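Here is the structure we will look at, set down as structure tokens.
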Amino acid sequence: MTSVEHSFLFKSPKEDRVILCFFINNLEGFSLPCYPFASSIPETIFHDGGFVTVLSEFDREVVNFLRQEGVLEDMNGHSLDLGRGVIVIRCPDGDQMLDRIEHDRRVAIEAGVTPRIHLLTCHGGCMAIAHGSPLYPDMGIDRFLLIQIAEAVMLKGIHVISAEIHLPCGKAANLGLTILDQIIFQMSSKSRIKEIDPTNKVVCRVHIDYPDGRKRTYFISRNHWIQFWRDKGRDLWGRRFTIDPLQTLGVETVFPPSPSRV
Ligand SMILES: [Zn+2]
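So the sequence shown is numbered by this note's numbering: it starts at 527 and just counts up by one.
Here it is, written out as structure tokens:
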């Protein structure tokens, strides 16, 4: 039987990095060095025999700002064509799952169609599919999920795919990811899901469990986010990244191609 014998978060005061250490049975323990700016990641606390993650002050500020700027949009006006259902890739977080399923069920019923929610789960949600994802590096999880999605499209005839992240997410917190990192990996995952079949519609959604108990599902457009980053995001938070997020997504390059010599 497998059991996690010991698990802890270690914040290195010297490097401002967080390291998750855990040891399973007698297997080697391993640690995952995380991103800098540890003070702004969601706080994970040990409570009642398990870890509970709460929204960080930084993520709360970013969420409020992205709401103000219309980057995180209410689902109204983005009525998905749910006639044949939706394939949802999200984190299995047991504290949030019911709200997400009930939301999609309600949206389908309001649209006058039978809910068909085809759920694919992985800790951290769609981020596991992103290029360079730190979630499960070199374990083939991205390929596994992409195969699952392609199969779901084929087996169920569903052509709407929802690539999702949520906050606060224990997996993201353990890796030191802020909402900005999560959105970038989400956008990268969208590109890879599109590669399966460009005719599939891929939407990005963000579920947020606010400290006051409200739970909301938002739509985030890749184009709006890119425009926002160019206009304001880069000035506000660009220093947090060693590689600009738009470069990571292949939207901009540092060295433009040299002009043709012809
Ligand atoms: Zn999660």
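All residues carry an ideal CB built from backbone N, CA and C; glycine is no exception. Nothing here was measured: the structure is a model prediction, and the numbers come from that model.
- Membership of residue 598 in any alpha helix (DSSP H) is not indicated; the residue belongs instead to the beta strand (DSSP E) covering 598-600.
- With fewer than 16 other CB atoms across the displayed protein chains lying within 10 angstroms of its CB, residue 587 is exposed.
- In this structure, the alpha-carbon of residue 619 lies about 32 Å from that of residue 758.
- Comparing alpha-carbon positions, the option among 646, 727, 697, 693 lying closest to residue 743 turns out to be 693.
- For residue 637, no beta strand (DSSP E) run applies, since DSSP gives it neither H nor E.
- Counting the other CB atoms within 10 Å of its CB gives residue 611 a total of 16 or more, which places it among the buried residues.
- The region 737-761 is shown to contain whole alpha helix (DSSP H) runs of 4 or more residues at 748-754, in chain order.
- With a 10 Å radius around the Cβ and a threshold of 16 neighbouring Cβ atoms, residue 658 comes out exposed.
- For residue 679, the enclosing alpha helix (DSSP H) covers residues 667-682.
- CA-CA distance, residue 703 to residue 622, rounds to 19 Å.
- With 7 Å as the limit, the residues whose C-beta approaches a heavy atom of ligand 1 more closely than that are 617, 619, 649, 650, 651, 692, 695, 696, 697, 698, in chain order.
- A straight-line Cα-Cα distance of about 29 Å links residue 756 and residue 668.
- For residue 731, the enclosing beta strand (DSSP E) covers residues 727-735.
- By the neighbour-count definition (other C-beta atoms within 10 Å, threshold 16), residue 607 is an exposed residue.
- DSSP links residue 692 through a beta bridge to 733.
- Inter-segment contact for the region 679-688 and the region 727-734 is present: three or more beta-carbon pairs are separated by less than 8 Å.
- In the structure shown, the three-state DSSP call for residue 657 is coil.
- Here the C-alpha atom of residue 581 lies approximately 21 Å from the C-alpha atom of residue 767.
- Residue 626 is positioned such that its CB atom lies no closer than 9 Å to that of residue 642.
- Taking each of 637, 701, 677 in turn and checking the Cα distance to residue 723, the smallest one comes out for 677.
- Under the three-state reduction of DSSP, residue 614 is assigned to strand.
- Our two residues, residue 628 and residue 600, have alpha carbons roughly 16 Å apart in a direct line.
- Bounds of the beta strand (DSSP E) holding residue 647 are 643-647.
- When DSSP states are grouped into helix, strand and coil, residue 774 belongs to the helix group.
- Counting the other Cβ atoms within 10 Å of the Cβ of residue 640 gives fewer than 16, which makes it exposed.
- Counting along the chain, residue 709 sits inside the alpha helix (DSSP H) bounded by residues 705-722.
- By a beta-carbon distance limit of 8 Å, residue 579 contacts residue 699. Their separation comes to about 5 Å.
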